[in-house]
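Enquirer:
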Amino acid sequence: MAIDQTLLLQAASLYREKDNQEYYPGSRLAKIPKRRIYISHSMESFRMVEGFIVLLQKAGIDAFFDWDSGDFTDEFRNDAMRDLKFRIAKSEVYIFLATENSIRSETCLKSLEFASIINRRVYIVQTVAGTKEFGFSSIHKFDLLTVERENSRSQRFGVKILEKERQNLWLPITNVSQL
0 MAIDQTLLLQ
10 AASLYREKDN
20 QEYYPGSRLA
30 KIPKRRIYIS
40 HSMESFRMVE
50 GFIVLLQKAG
60 IDAFFDWDSG
70 DFTDEFRNDA
80 MRDLKFRIAK
90 SEVYIFLATE
100 NSIRSETCLK
110 SLEFASIINR
120 RVYIVQTVAG
130 TKEFGFSSIH
140 KFDLLTVERE
150 NSRSQRFGVK
160 ILEKERQNLW
170 LPITNVSQL
């Protein structure tokens, strides 16, 4: 179940950086005890990532989402991949936001491979733009994750995962510990 990119872009307007903090306000030493989730994306899709985080939060997933590209994914920096690997290694869960650009990005694909090698829990989030769906043809290698409205008129959202071992059973996720 691919997430409509239009929905992600609409939800992005509700993103607030203060709602996604790793440390308590005013402190760089006291971490907020939250599960750390790394979201891989192409730099061009940063608004979709903001919208995706908003939808996850609306669905009750309370975590620190490490996603801000900053200088870390600048492909011109010699140590960009090292920094990226460090951030992925610090995370417990790795989510790949599949868009036209991310599935073609060498950096995104290398980060996906690294997350898999170090045994992070990996989820692919397929997206759709118009009639074109973005994901991978070898989809059964990774678990899938989606966020969807509870019903057509609702502003409430739910998270579901499709585990590679259970190809026809989308499981509802109600909190971050289930990821």
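Every letter in the sequence shown is one number past the one before it in numbering that gives the first Met the number 0, and letter 118, counting from 1, is 117.
The beta carbon of each residue, even a glycine, is placed where N, CA and C say it ideally should be.
1. Using a threshold of 9 angstroms, state whether the C-beta atoms of Phe63 and Ile102 are closer than that.
2. Apart from the five residues on each side of it in sequence, which residues of its chain come closer than 6 angstroms, Cβ to Cβ, to Gln9?
3. So Val158 packs on Leu55, CB below 8 angstroms; how close in whole Å?
4. Pick from Arg148, Ala1 and Val92: whose alpha carbon is nearest that of Ser176?
5. Check whether the Cβ atoms of Thr145 and Leu161 lie closer than 9 angstroms to each other.
6. Give the straight-line distance between the Cα atoms of Arg165 and Gly25, rounded to the nearest whole angstrom.
7. The ligand FMN and Arg103: does the residue's C-beta get closer than 8 angstroms to at least one heavy atom of that ligand?
Expert: Result, derived from the coordinates:
1. Here Phe63 is not near Ile102, since their CB atoms are 9 angstroms or more apart.
2. Non-local beta-carbon contacts of Gln9 in its own chain, meaning distances under 6 angstroms to residues more than five positions away in sequence, are absent.
3. Confirmed, about 7 angstroms.
4. If you compare the alpha carbons of Arg148, Ala1 and Val92 with that of Ser176, the shortest gap goes to Val92.
5. At a Cβ-Cβ threshold of 9 angstroms, Thr145 and Leu161 count as neighbours.
6. If I take the Cα positions, the gap works out to 45 angstroms.
7. No copy of the ligand FMN appears in this structure; indeed no ligand is present at all.
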